[in-house]
Each structure stands twice: as C-alpha cells, then as structure tokens.
Amino acid sequence: MRSYFPRIIVLLVAGALGLAGCGEEQAAPTSPSPAYVEPIEGTNLKRVVLVPRAVERLDIRTVEVRPATPQEMAGVTPAGQVGRTAVPFDA
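Mapping of the sequence shown onto mature numbering (1 follows the signal peptide of the UniProt record, and there is no 0): residues -27 to -1, 1 to 64, in sequence order.
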C-alpha cells in the first residue's frame, strides 16, 4: 500500500505559501519628501526646491560667477575669450 502522506505535506506547504501572499499590503513608511517641484510662472520651466536637510546632506553651496582670469583662459583663442566667466569646480 502506498503512503500519501508526503504528497499531502507537499500540498499543504504549497497552499500555505500561496495564502501567505494574500495578506494586506503594508503601506510604505511616510517621511517628508526631500524635494518638490514647482512651476515658474510665465514659463514652461519648473524649479526644484530642496528642504534644508537635503541641501545639508548633498553639501550644496552657491558661489558667485565671476569674469575668468587670464590663467583660466589659457589655451582659449582670443575670439573665444570675450565675455568668459568662471565657476570653481567644487561649486
């Protein structure tokens, strides 16, 4: 006589695994968004606004754009030197 016990166990385990996926979906933890996008009036452009903590984590700094010095324009043709500006690499 054959034993059906192993087959029954396999069916029970498969059924239990199938039912395990039927539970309610848990909502992701809500935390404040680090940034939001707002439209710029009068244009089709948008502005990304970061919360202060995001700016701190990304280490964002602003610097003033200034006219380029002769050393920064080395290798640029005279015609290309007109109106050149410089921004530091770490800005």
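Beta carbons are placed, not taken as given, at the ideal position from N, Cα and C, and that holds for glycine.
Unbroken beta strand (DSSP E) run spanning residue i, endpoints
{"i": "leucine 23", "result": "19 to 23"}
Test item: CB-CB of residue i and residue j under 9 Å
{"i": "alanine 8", "j": "valine 24", "result": "yes"}
{"i": "valine 28", "j": "arginine 20", "result": "no"}
{"i": "threonine 58", "j": "arginine 39", "result": "yes"}
{"i": "leucine 22", "j": "proline 61", "result": "Residue identity differs from the one stated: residue 22 is valine in this sequence, not leucine. No, these two residues do not count as a Cβ contact at 9 Å."}
Counterpart residues of residue i in DSSP-defined beta bridges
{"i": "tyrosine 9", "result": "Val22"}
{"i": "arginine 39", "result": "Ala59"}
Enclosing alpha helix (DSSP H) for residue i [first to last residue]
{"i": "leucine -13", "result": "The question names leucine, but residue -13 in the sequence shown is glycine. -23 to -8 is the extent of the alpha helix (DSSP H) around glycine -13."}
Min CB distance residue i to chain C below 9 Å
{"i": "alanine 8", "result": "Any reference to chain C falls outside this structure, which holds one protein chain only."}
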